[in-house]
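*Asks:*
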Amino acid sequence: MEILNSLPGTPLPLGASVAENGVNFSVFSRNATKVFLEFYSASE
Numbered sequence: 004m005e006i007l008n009s010l011p012g013t014p015l016p017l018g019a020s021v022a023e024n025g026v027n028f029s030v031f032s033r034n035a036t037k038v039f040l041e042f043y044s045a046s047e
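Using the numbering used here, the first residue of the sequence shown is number 4, and each one after it goes up by one.
This is the structure:
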């Protein structure tokens with residue numbers, strides 16, 4: 004399994020957007036206490 008690095012991103016725009024050094028993922032939930040982001044390889 005490949006290890007990915009995570010860094011603080013920006014709240015806008017919502018969704019996935021290409022950033023200077025990777026991809027920024029932004030989601031909104033008024034009442035969430037956790038959010039999970041899962042990555043799958045193309046073969047899965």
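In this text, a Cβ means the ideal position worked out from N, Cα and C, and glycines have one as well. Here the structure is a predicted model, which is why all the values come from computation and not from measurement.
Could you spell out where the beta strand (DSSP E) holding Ala35 opens and where it closes?
*Replies:* Ala35 -> no beta strand (DSSP E), and no H or E assigned at all.
*Asks:* Report yes if the CB atom of Phe28 is closer than 8 Å to the CB atom of Gly12, and no otherwise.
*Replies:* Contact flag set, yes.
*Asks:* Determine the DSSP secondary structure at Val21, reduced to helix, strand or coil.
*Replies:* strand
*Asks:* Keeping to the same chain, check which residues put their C-beta closer than 7 Å to that of Leu40; ignore five residues upstream and five downstream.
*Replies:* Exclusion of the five residues before and after Leu40 leaves Phe28 as the residues of its chain whose Cβ lies within less than 7 Å of its Cβ.
*Asks:* Please go through the same chain and pick out, in chain order, the residues whose beta-carbon is closer than 7 Å to the beta-carbon of Leu15, but skip the five residues on each side of it.
*Replies:* Ser29
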